[in-house]
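J.:
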Amino acid sequence: MNYIPFSEYKKAWIFRHRDLPITPEDLEQIKPMTERRSEEVWAQNVCKEGTHHIHFTSKDWPAQKGIWTESGSWQGAWDSEDPALPEELAAFMQWDDNTVVYFCYEAEHVIQTTWGVFKRSWKNFLFMDDGPLLIGRKRKEVAQFFENGQFKLGKRP
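Take the sequence shown: its letters are residues 5 to 161, numbered as in our numbering.
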């Protein structure tokens with residue numbers, strides 16, 4: 005089993021927040037991964053040793069120079085009534101809506117969904133904003149979000 009049923013997902017509240025409703029159809033496509041599967045996805049796509057962004061070393065691609073090329077603020081867009089992604093993020097990620105994405109909070113906590121669902125519910129994902137990475141499967145573009153309301157954009161190797 006690769007996914008945790010939503011009824012057992014400890015952080016499901018972020019997707020059930022009354023001020024940021026998600027359609028039942030989109031909710032079905034938000035798939036929290038088991039700890040084991042999360043660790044596999046993290047090791048394959050992010051880092052083999054560090055379990056959180058604060059543990060990255062210069063050997064890990066997220067800590068290497070030249071990866072991150074742009075930055076911006078997500079907080080203003082998050083606080084607004086407009087559900088749209090920040091413009092810089094939307095322009096940078098030129099993915100089809102059905103592209104599989106991983107939202108990687110840490111090694112043991114990864115959520116799989118599609119780019120279309122993420123775009124519609126990104127505010128929910130960012131209730132927890134301590135350095136998560138947004139990665140598209142078989143895509144180079146990556147985003148990282150921080151609790152100070154900033155994000156950075158780059159291309160992974």
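The beta carbon of each residue, even a glycine, is placed where N, CA and C say it ideally should be.
How is the beta strand (DSSP E) around Glu147 delimited, first residue to last?
T.: Rather than Glu, the amino acid found at residue 147 in this sequence is Ala. Where Ala147 is concerned, the enclosing beta strand (DSSP E) stretches over Glu145 to Phe149.
J.: Span of the beta strand (DSSP E) holding Val105?
T.: Start and end: Val104 to Glu110.
J.: Does the structure place the segment 121-135 close enough to the segment 37-49 that three or more beta carbon pairs sit under 8 angstroms?
T.: Counting Cβ pairs under 8 angstroms, fewer than three are found: no touch.
J.: Would you kindly report the start and end of the unbroken alpha helix (DSSP H) that includes Glu44?
T.: Glu44 -> alpha helix (DSSP H) spans Glu39 to Asn49.
J.: Are the beta-carbon atoms belonging to Cys108 and Asn49 less than 9 angstroms from one another?
T.: A contact, by the Cβ cut-off of 9 angstroms.
J.: Please confirm whether Thr61 and Gly70 have their CB atoms less than 9 angstroms apart.
T.: For Thr61 and Gly70, no; Cβs fall outside 9 angstroms.
J.: Looking at the secondary structure, which residues open and close the alpha helix (DSSP H) in which Gly120 lies?
T.: Unbroken alpha helix (DSSP H) run through Gly120: Trp119 to Phe129.
J.: To which residues of the same chain is Leu89 closer than 6 angstroms at the C-beta, ignoring the five residues directly before and after it?
T.: For Leu89, where only same-chain residues beyond five positions count, the Cβ hits under 6 angstroms are Lys123 and Trp126.
J.: Quick one, which of Arg22, Leu24, Pro28 and Glu32 has its alpha-carbon nearest Tyr7's?
T.: The shortest C-alpha separation from Tyr7 is found at Glu32.
J.: Which same chain residues end up closer than 6 angstroms to Tyr106 when comparing Cβ atoms and leaving out the 5 residues on each side of it in sequence?
T.: So the list reads Val45, Val114, Gln116 and Ile139, once near-sequence residues are dropped.
J.: Figure out for me which residue from Arg141, Trp65, Ser77 and Asn128 has the closest Cα to the Cα of Gly158.
T.: Closest option to Gly158, Cα to Cα, is Trp65.
J.: Among Ala94, Asp83, Trp119 and Met97, whose alpha-carbon lies nearest the alpha-carbon of Thr103?
T.: If we check each option's Cα against that of Thr103, Trp119 comes out closest.
J.: From which residue to which residue does the alpha helix (DSSP H) around Gly80 run?
T.: Segment Gln79 to Asp83, the alpha helix (DSSP H) holding Gly80.
J.: For Leu93, which of helix, strand or coil comes out of DSSP?
T.: Leu93: helix per DSSP, three-state reduction.
J.: Could you have a look at Ser62 and say whether DSSP puts it in helix, strand or coil?
T.: Looking at Ser62 - three-state DSSP - the assignment turns out to be coil, as it is neither helix nor strand.
J.: Quick one, which of Trp72, Asp101, Arg22 and Ile26 has its alpha-carbon nearest Gln154's?
T.: It is Trp72.
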